Amino acid sequence: MTATLAPSPAPAPSAGRTVRDWVATAVRRGAAVWVIVAVLIVVLSVMRGGAFWSTGNIAALLTSAVVLGLVALGQHTVILSGGIDLSVGSMVTITTLLTAVLIDGYPIRTFPVILGMLALGALLGTINGLLVTKLNMPPFIVTLGMLYLVSGAALWISSTPAGQVTSALTEFAFGKLGPIPLSFVVLALAIAIIWFLLNRTVWGKQVFAVGGDLHSARAAGISTNRVLIWVYVTSGLLAAVAGILLAARSSIGSPTAGDGLELSAITVVVIGGTSLLGGRGTLLGTMGGVALLSLITNSITLLQFPSTITDLIRGVIIIAAVAVFVAKRRR
Amino acid sequence: MTNTAFRRRGAVRILAASVGFATLIAVAGCSAEREGEGTTAAAEDCINADEAQASYAESWSSVADAFGLTDFEPVEEEVCEVDATVWEAEPKQDDTYRIAFAAQGPNNSWGVLSEEALEYHADELGVDVLYASANGDATTQVDNIEQLTSQDPDAMVVVPMGEGISGQVKAATDAGIPVVLCSGVLPDSAGATSTVTRQYDLLGSAYAEWIASQIGGEGKVAILSGLAGVPTAEYQKAAAEKTFAKYPGIEVVTTQYTEWSPTVAKTVAQNLIASYPDLDAIWSDSGYGSVGVIQAYQEAGKEVPPITGDAINDFIQAAEGTDVKYALSTFPPEMSSTCLDTAVDLLKGEPVLNKVYIDSPSFTNEDGAQYAREDCDGGLLVPSSAPEDLLVSLGICNA
C-alpha cells in the first residue's frame with residue numbers, strides 16, 4: 001500500500017503581506033493619499049467640527065486649491081511624460097500681471113486679454129517643448145532657464161503690483177454655484193478634460209508610453225516630439241488659466257504672484273504617487289496631493305498652531321507621506 | 001465625401017460659429033469706459049480733519065528735525081477720523097473680542113517680533129487672537145484672509161504682503177468685519193477701516209534728502225534696495241528716485257538689490273568699489289545691507305561714503321568708533337500692538353484715525369552710539385519700544 005499525500009494547500013498570505021499589497025495597490029492607483037486626507041478631515045471634524053464644516057471655510061478651502069490644482073494638472077502631465085516643468089510658477093506670475101496690466105479696468109479688453117493670455121501660456125509651453133525636443137536639451141535646464149527669463153520679464157514689466165481687473169472678473173472669482181466657488185468649477189472642468197485626454201485618447205496613451213520608455217515609444221512609431229510639445233503646451237495653458245484666475249481673485253497683478261508654485265506643484269505630484277521618472281501615475285493621486293496640501297494650510301490656521309512650527313508641521317507631513325508611499329510603491 | 005468627413009466638417013463649423021457667437025456676446029456686453037471713472041462718489045465729510053492732519057504732519061517734522069532737513073514737506077495725504085458709531089459692537093462670541101491676525105509669518109526677525117508684540121499686547125488687553133501666517137507670500141495671504149473671514153471674528157488686523165489681497169480685505173469689510181492694515185498700505189479701493197504704518201514715502205525721501213544735504217546736491221549716488229518686486233522695498237526706492245530727480249546735480253549711477261542680507265550687500269558693495277570708486281553716497285533701505293557695505297569698504301581700506309538704512313543694532317555697533325556718516329530710522333515691528341489697539345478701539349466706539357502714521361525715532365551718526373544695545377541681538381531695531389520682558393523671553397536680549 002502506498003500512502004498518497006494530499007496536495008498541500010497554497011500557503012495562506014500573511015496578514016502583514018496582505019496589508020503591504022493593499023497599500024501598494026492603493027499607492028499605485030493614487031488612492032493612498034486620500035486616506036491621509038480622510039484622516040485629517042476626521043481629526044479636524046473632531047477638534048474644530050463647527051468651524052471646519054462652516055460654509056465659509058469649505059469655500060475658502062476649495063478656492064485655495066484652485067491655482068495649485070491647475071498648475072499641478074500641467075505638472076502631472078509633464079512628469080508623466082518623463083519631463084519636469086520648473087517654469088509654471090513664473091508663467092502664472094506673468095499671466096497674472098499682464099491680465100491686470102492689459103485689462104487695466106476696461107471691460108471691453110477682458111475677453112481679448114484672456115484669449116491673449118491663453119495664447120501666451122501656449123506659446124511659452126511651445127518654446128519649452130521645442131527646446132526639449134528639437135534641441136534635445138534637458139527639461140530641467142530648459143524650464144529653469146524659462147523660469148528666470150519669464151520672472152525677469154515680469155519684473156521688467158512692473159516691479160510693483162500694477163493694473164486692475166474688471167469687476168466682472170472679480171465677481172466671477174468671488175462667485176459661487178450654490179456652495180461651490182465658481183473658480184473651483186473651472187478646476188473641476190480642467191480635471192475632467194485632462195483625465196479624458198490622458199485616459200481616453202491616443203495622445204494620452206502616448207504620453208504614458210513616452211514617459212515609460214522614450215526610445216521604445218519612438219521605435220513603436222510614436223511621434224515623440226509631437227507628444228512632448230503638446231505636453232508642455234498643456235502645462236503652459238493650464239498655468240495661464242491659473243494666472244487669469246489669480247488676477248481675478250487679487251484684482252491686481254503682482255510681479256511675484258506665482259513664486260514658489262513650481263515646487264508646490266512638484267510636491268503634490270510626488271505625494272500623489274507619480275514617478276518622477278515618468279510613465280506611472282494617476283490624476284486621482286495628484287489631486288489627492290493638492291487636497292492634502294490645501295488641508296494642511298487650512299488646518300494650521302483652524303487649529304491655531306504656534307507660528308514658529310507651522311512650516312515644521314507642513315514639512316513633516318509631506319516627508320512622511322512621500323516616504324511611506326514611495327517606499328511602498330518600490331516593493 | 002464620406003459621412004465621417006462630412007460630420008467632422010459640420011462639427012468644425014458649429015464650433016467656429018459658437019466661438020464667434022460667444023465672442024460677439026462677450027464684446028457686446030463690455031463697456032469701452034474704464035471702471036471707476038466718471039462715477040466718483042461725493043466726498044464724505046472728513047471728521048476732525050485739522051487734529052488728524054496735524055498728527056500726520058508731526059511724523060514728517062520729527063524726521064526733518066532729526067536729520068537736519070530744512071525743506072522737507074509731507075506728501076499730500078488726507079487723514080480723518082473714522083465714524084466711531086459704525087463699527088462699535090459687543091463681542092460676537094462669549095464676552096471676549098476675537099481679533100483675527102493675518103500676519104507676515106516668522107520668516108525673519110521683524111516678522112517674529114511683530115507677531116509676538118501683538119500676542120503680548122492681546123494678553124494685556126484680554127482679547128483672543130485668531131492667527132494665520134502668510135510666510136511672506138501675498139498669494140498665501142489671500143487664502144488666509146478668506147479663511148479668517150469665514151471664522152467671523154470681531155475685527156481683523158492684516159500685515160499686507162502686497163496689493164493682491166485688496167479683494168479679500170474688501171470682502172471682509174463688506175461682511176461687517178472692520179479691518180486694520182498694519183505695517184503696510186493698500187489702495188483705497190480695498191476699503192480698509194484704518195491703516196497703521198510708518199510711511200514708505202517718508203523713509204525713502206527722508207534718506208534721499210539727507211544724502212542730498214550731505215553731498216551739497218551734487219555727486220554720484222548708488223541705490224541699494226531690498227528685494228525686487230516686494231512693495232516694502234519698491235515703494236521706498238520709488239520715493240528716493242523721485243527725490244533725487246529734484247536735484248539735477250545728483251546722478252544715480254546704479255540701482256542694486258541686497259535681499260536685505262549683509263552677505264549679498266557685501267558682494268554688491270565690493271562690485272561698487274571696483275566699478276564706482278568715486279561714489280559720493282549710498283542710499284540703502286536696510287541696516288542689514290549697510291552692515292555689508294561697511295565691511296566691504298573697510299576690508300578694501302576705503303572710506304565709507306555717507307549711507308542710510310534702518311536702525312539695526314548690528315549697524316550701529318559696526319559704525320561705532322568710525323567716521324562713517326549715517327542717517328537711520330526704523331520701521332518698528334512692535335507697531336503691531338498699536339494696530340491691535342486701533343482694532344479694539346474701533347469695536348469699543350473710541351475715536352480712531354483712518355490713517356495712523358507711526359512716528360518712530362530717527363537719528364544720525366552724531367547721536368547714534370547711544371542707541372547701541374550690546375546686551376541684545378544684532379538684528380534688533382533700536383531703540384525698541386517692545387516690552388523688555390518680551391525681548392528677554394524671545395531671547396533677543398539678555399536678562
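These protein sequence lines are chains D and Z, in that order. Residues 1 to 331 (the UniProt record's numbering) make up the first sequence, in order. Residues 1 to 399 (the UniProt record's numbering) make up the second sequence, in order. Yeah, the Cβ is synthetic: ideal placement off N, Cα and C, and Gly gets one too. Keep in mind that this is a model prediction, so the values were computed, not measured.
Quiz prompt | Neighbouring residues, chain D, relative to Y235/Z (Cβ below 9 Å) | solution = In chain order, T160 make up the part of chain D whose C-beta sits under 9 Å from the C-beta of Y235/Z.
Self-check item: V75/Z, buried or exposed, once every other Cβ within 10 Å from all chains shown has been counted against 16
Solution: V75/Z is exposed by the Cβ-count criterion.
Exercise. Run the CB neighbour count on L380/Z, radius 10 Å, all protein chains shown included, and call it buried at 16 or more, exposed below.
Key: Label assigned to L380/Z: buried.
Practice problem: Would you please state the rounded distance, in angstroms, between the beta carbons of M91/D and G121/D? I believe it to be under 8 Å. | Solution: The pair is a contact, with the Cβ atoms about 6 Å apart (cut-off 8 Å).
Practice problem: Go ahead and label F52/D buried or exposed: buried means 16 or more other beta carbons lie within 10 angstroms of its beta carbon, across all protein chains shown. | Solution: By the Cβ-count criterion, F52/D is buried, with 16 or more other Cβ atoms from all chains shown falling within 10 Å of its own Cβ.
Quiz item: If you draw a straight line from the alpha carbon of L118/D to that of L237/D, how long is it in whole angstroms?
Solution: In this structure, the alpha-carbon of L118/D lies about 6 Å from that of L237/D.
Quiz prompt | Counted within 10 angstroms of its Cβ, other Cβ atoms place residue 400/Z as buried (16 or more) or exposed | solution = No information on residue 400/Z is available, as it lies outside the stretch 1 to 399 that chain Z covers here.
Self-check item: CB-CB length for L391/Z against S384/Z, believed under 8 Å
Solution: About 7 Å; that satisfies the 8 Å criterion.
Practice problem: Show which residues of chain D have a CB atom less than 8 Å away from the CB atom of N144/Z. | Solution: The answer, in chain order, is T301.
Self-check item: 8 Å contact criterion, which G167/Z and S251/D should meet: CB distance rounded
Solution: G167/Z to S251/D, Cβ: 4 Å. Contact.
Quiz item: Which whole-angstrom value is the C-beta distance of V210/D and A217/D, which I expect to be below 8 Å?
Solution: Going by Cβ atoms, the distance from V210/D to A217/D rounds to 5 Å, so yes, they are a contact pair.
Exercise. Rounded to whole angstroms, what's the CA-CA distance from L148/Z to A171/Z? Just pull it up for me.
Key: Roughly 11 Å separates the two Cα atoms.
Quiz item: Mind checking if D259/D is an interface residue toward chain Z, Cβ cutoff 8 Å exclusive?
Solution: It does: the Cβ of D259/D has a partner Cβ on chain Z nearer than 8 Å.
Quiz item: Does the Cβ of D50/Z have 16 or more other Cβ atoms within 10 Å, making it buried, or fewer, making it exposed?
Solution: That one is exposed.
Quiz prompt | Residues bridged to L169/D [DSSP beta-bridge criterion] | solution = Answer is none; L169/D lacks a bridge partner.
Quiz item: Quick one: does A321/D have its CB under 8 Å from some CB of chain Z?
Solution: For A321/D, the nearest beta carbon of chain Z is not closer than 8 Å to its own beta carbon.
Quiz item: CB-CB under 8 Å to G260/D, same chain, minus the five flanking residues each way: which ones, in chain order?
Solution: Around G260/D: G89.
Quiz item: Leaving out five residues before and five after V35/D in sequence, what residues of the same chain have Cβ atoms less than 8 Å from its Cβ?
Solution: Contacts found: A26.
Quiz item: Leaving out five residues before and five after V352/Z in sequence, what residues of the same chain have Cβ atoms less than 6 Å from its Cβ?
Solution: Closer than 6 Å at the Cβ level, and outside the excluded window around V352/Z, lie V82, S194, T342, D345 and L346.
Quiz item: In chain order, which continuous runs of the alpha helix (DSSP H) of length 4 or greater are located wholly inside the segment 265-299 of chain Z?
Solution: Those alpha helix (DSSP H) runs which fall completely within the segment 265-299 of chain Z and span 4+ residues are 287-299.
Practice problem: State the Cα-Cα distance for the pair I282/D and T243/Z, rounded to the nearest angstrom. | Solution: Per the sequence presented here, residue 282/D reads as Thr, with Ile not at that position. So the two alpha carbons sit approximately 57 Å from each other.
Quiz item: Quick one: is A265/Z near chain D, going by C-beta distance under 8 Å?
Solution: Using beta-carbon distances, A265/Z does not count as an interface residue toward chain D, since no partner is under 8 Å.
Quiz item: Which whole runs of the beta strand (DSSP E) in the segment 161-244 of chain Z are 3 residues long or more, in chain order?
Solution: Counting whole runs of 3 or more residues, the segment 161-244 of chain Z contains the beta strand (DSSP E) stretches 179-182, 194-197 and 219-225.
Exercise. Verify the CB distance criterion: does D188/Z have a CB-CB separation below 8 Å to chain D?
Key: Not closer than 8 Å to any Cβ of chain D, the Cβ of D188/Z fails to qualify, so no.
Quiz item: Is the Cβ of G164/Z closer than 8 Å to any Cβ of chain D?
Solution: It does; some Cβ of chain D falls within 8 Å.
Self-check item: Anticipated Cβ contact below 8 Å, A134/Z with M161/Z, distance rounded
Solution: Confirmed, Cβ separation roughly 5 Å.
Self-check item: Contact between the segment 268-275 of chain D and the segment 194-205 of chain D (3+ Cβ pairs under 8 Å)
Solution: Counting Cβ pairs under 8 Å, fewer than three are found: no touch.
Quiz item: Do you know offhand how far R331/D's Cα is from A24/D's?
Solution: Any answer about R331/D is weak, because its pLDDT of 46 lies below 50 and its placement is not dependable; what the coordinates show is given next. Here the alpha carbon of R331/D sits roughly 8 Å from the alpha carbon of A24/D.
Quiz item: Using the beta-carbon count (16 or more within 10 Å), is T166/D buried or exposed?
Solution: T166/D is classed as buried because its beta carbon has at least 16 other beta carbons within 10 Å across all chains shown.
Practice problem: Within the same chain, show all residues whose beta-carbon is closer than 8 Å to that of I99/Z, passing over the 5 residues directly before and after it, in chain order. | Solution: Within the same chain, I99/Z has close Cβ partners A122, V127, D128, V129, L130, P153, D154, A155, M156, V157, L340, A343 and V344.
Quiz item: In chain D, what lies closer than 8 Å to R34/Z by C-beta?
Solution: Those within 8 Å of R34/Z in chain D are D104, G105 and Y106.
Quiz item: What three-state label does DSSP hand G116/D in the structure shown?
Solution: Residue state, collapsed to three classes: helix.
Practice problem: Specify the secondary structure class of I36/D as computed by DSSP and reduced to three states. | Solution: Taken through DSSP and simplified to helix, strand or coil, I36/D comes out as helix.
Quiz item: So, is R109/D buried or exposed, given that buried needs 16 or more other C-beta atoms within 10 angstroms?
Solution: R109/D is buried by the Cβ-count criterion.
Quiz item: How many angstroms separate the CA atom of L149/D from the CA atom of D137/Z?
Solution: Distance between L149/D and D137/Z, taken at the CA atoms: about 21 Å.
Quiz item: Secondary structure at L125/Z, three-state DSSP: helix, strand or coil?
Solution: Here L125/Z sits in helix by DSSP.
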